[in-house]
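Protein chains in written order, with my numbering: chain G, 1 to 257; chain U, 1001 to 1257; chain D, 2001 to 2257.
For every residue, glycine included, the Cβ atom is placed at its ideal position computed from N, Cα and C.
Model, not experiment: these values are computed from the prediction.
Taking it in order: structure first as structure tokens, then the write-up.
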């Protein structure tokens, strides 16, 4: 893909964002793009290919956003970078003259998306390479569930440090105080800390992506707790909380249950 | 190596192709280079160092090809990029004045090949840095074996998705039809599909490198089948095929054997 | 981080050195920087972030050295690139107007160090962005211990080939000869070899970093011996050496002990 881009636009600088997206994991790519792309200069062209549907009739897109031009499959990979209707313009790629002459059905990254990115870098307008569309595929993060006594969130990403990034942001938790308890399986932590070295065992904090994450500083929360993407994170006030099973063994022995 | 190149030629753009070649695996590097380098602009300088023989008397080379200038050890790493005699020019590196003043015997990438690439980028001619040679080391992929009732190929590469890339191309299988069966161990698939999501279990298709590969879409064929580089892939017409052991258990129980 | 740098200084070329530092492993980063940075042109800006103390009161630094400008946390990550007092100038970052407007307490790489690097690339002087300091945190490699009959070193790094890089350099071993024995656990090798393919089993050589390393060519010394960072390496003359337990079993049975 880099060679194809440079063949068309030798002057561009290619910047790698990550080499560590697990195969076929569109959600992991979405999270990586959400954390990285808003920090790039607005004129950049961002190409992202996690594309299990390559060769099917899934569309290819150029999307114009405030974050620059996005190029990739229409499978939701750019979901969190795209605002609501009216605030972006999308084009379904349908002009093969901007693609490689022979297009495989297994590697559109090389055969369609890289050439399209190269032509964008040369100044070709998106509208020349595709037809406007208003409907695009969006992924949905699971939404927090609000119960009578607790909020149930879930882990949407595990980073390379093993930190558990959740679908919860502080604004999702109106009653959030230093007494709020975060429970994963049978382990819990109370209150939000400000930084990783604020504690030793499991702690909760607002990570650099703006989302609440659970971490074991100097360790690996995912491995320590044996959890991953999809795991439920329960949030409740410690005022009316029943102690979780293991973390408060001493209390339970004392008969409070 | 990047620092050494930039010290000599600060204007070049360095592009990483891969960081994932297993230690000492020249064949894996050869495959990565075969799939990437032909897509770069012809004026590029390609440096590749997988070099278990560093410090022995194996030569270092500059090779002029239609794909640009190749720089690295003479151990076959560029095999599939080099056409037959008369269509390339190779130079054995023997002019230490173009190397780092102190050359280690454990890291010629930094001490010889990176400086040579830097000088090439500055415009020094290959012939100034080495003497012409006509014989270079070539790796040989195993060739398909043609038997009375089947063709036997083998897996030459496993990519990061676990797809099994073989030494077979469609032109190697003259009788290839939608009834052709591909057998790995005791699992098989019939016919070539056009893209990954054309099936659920094991399928065969022509991959983006032009070679026939076996894949488990959304899964990992290498792990699922417990196979890897060197595994035999048998190809035969289903007309005269005996069913493999597990895939056709029902038939066999029905007494067709 | 790359996006933040390019937003401030679109003209810079960003070069990745490594993506493989284990989480929180400052010593591994120090070793990677020691081997790479001296080979870059002197005008470069080097940013390195392995930062378990992010969000605490650990300082952030710009350090001016002969190797260029170094930017990162004051946790010893640049230790081996910094000569003794008087030969470098360091500035503790304390001018938030050069940082991102909102500074997280979990990702100073993006919020402080990348913007500072971007401003350096635009020509802002280090002294504008921080106050001079003379004391900075330094890591100490364990020093070789000199005993009556042997020198005890230790493994300070394991590279991706499994080679064991030690804190010993030839100049640390005044009596070094072709009879000197290097012992790891119960395996040993005699003499320094010049290159990897000089032997089959465990061998010792001076690696490209100038340090003595132990390698199993074509294999992985760390895995073969079951050792890692911190393992003791004993060095002694074979003249007065007692044979290690397994390597000289035959001799011992013959009664030489």
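Per DSSP, reduced to three states, the secondary structure at residue 1180(U) is strand.
Remark: fewer than three beta-carbon pairs, one from each stretch, lie closer than 8 Å, so the stretch 1127 to 1140 of chain U and the stretch 2213 to 2231 of chain D are not flagged as touching. Comparing alpha-carbon positions, the option among 24(G), 49(G) and 42(G) lying closest to residue 16(G) turns out to be 49(G). Closer than 8 Å to the CB of residue 2226(D) there is not a single CB belonging to chain G. Looking only at 2039(D), 2095(D), 2065(D) and 2006(D), the smallest Cα-Cα distance to residue 38(G) is reached by 2006(D). Annotated as distal: residue 2194(D) and residue 2176(D), with beta-carbon spacing of 8 Å or more.
Identification of residues in the stretch 37 to 71 of chain G having a C-beta nearer than 8 Å to some C-beta of chain U yields 52, 53, 54, 55 and 56, given in sequence order. Assignment of residue 1006(U) by DSSP, reduced to helix, strand and coil, places it in the helix class. Along the length of the stretch 2123 to 2201 of chain D, whole alpha helix (DSSP H) runs at least 4 residues long occupy 2126 to 2129, reported in chain order. Looking at the DSSP output, residue 2089(D) bridges to 2064(D). Per DSSP, the unbroken alpha helix (DSSP H) holding residue 26(G) starts and ends at 26 to 36. Residue 1024(U) belongs to the set of residues whose beta carbon lies under 8 Å from a beta carbon in chain D. Contact annotation: in the stretch 2149 to 2169 of chain D, residues whose CB is within less than 7 Å of a CB in chain U are 2160 and 2161. Judged by DSSP secondary structure, residue 105(G) falls outside any alpha helix (DSSP H); it is assigned neither H nor E. Around the beta-carbon of residue 1119(U), 16 or more other beta-carbon atoms lie within 10 Å, marking it buried. Sequence-ordered contacts of the stretch 1174 to 1203 of chain U with chain G read 1194, 1195, 1196, 1197 and 1198 [C-beta pairs closer than 8 Å].
Contact with chain G is found for residue 1218(U), since one of that chain's Cβ atoms lies less than 8 Å from the residue's Cβ.
The stretch 2154 to 2170 of chain D and the stretch 2207 to 2216 of chain D touch, with no fewer than 3 CB-CB distances between them shorter than 8 Å.
For the C-beta of residue 2019(D), the chain G residues within less than 7 Å are, from N- to C-terminus, 19.
When rounded, the separation of the alpha-carbon atoms in residue 1011(U) and residue 2036(D) is 19 Å.
Shown here, residue 2116(D) sits in a helix according to DSSP, grouped into three states. Counting along the chain, the unbroken alpha helix (DSSP H) around residue 2223(D) starts and ends at 2221 to 2225. At a cut-off of 8 Å between beta carbons, residue 2229(D) makes no contact with chain G. Listed as beta-bridge partners of residue 72(G) by DSSP are 61(G).
Put simply, the CB of residue 2123(D) is far from chain U, with every gap to its CB atoms at 8 Å or more. Residue 1012(U) has a beta carbon lying at 8 Å or more from every beta carbon in chain G.
Excluding the 5 residues flanking it on each side, residue 44(G) has same chain C-beta neighbours closer than 6 Å at 68, in chain order. Secondary structure of residue 18(G) (DSSP, three-state): coil.
Looking at the backbone, the Cα of residue 65(G) and that of residue 73(G) are separated by about 16 Å.
From the beta-carbon of residue 1205(U), the residues of chain G found nearer than 9 Å are 55, 105 and 106.
Taking CB atoms only, residue 2016(D) has a neighbour in chain U less than 8 Å away.
Contact residues of the stretch 122 to 145 of chain G toward chain U are absent (C-beta to C-beta distance below 8 Å). Closer than 8 Å to the CB of residue 118(G) there is not a single CB belonging to chain U. Beta-bridge partners of residue 2237(D) (DSSP): 2180(D). Under a criterion of Cβ atoms nearer than 9 Å, the residues of chain G adjacent to residue 2003(D) are, in order, 15, 17, 36, 37, 38, 39, 40, 41 and 44.
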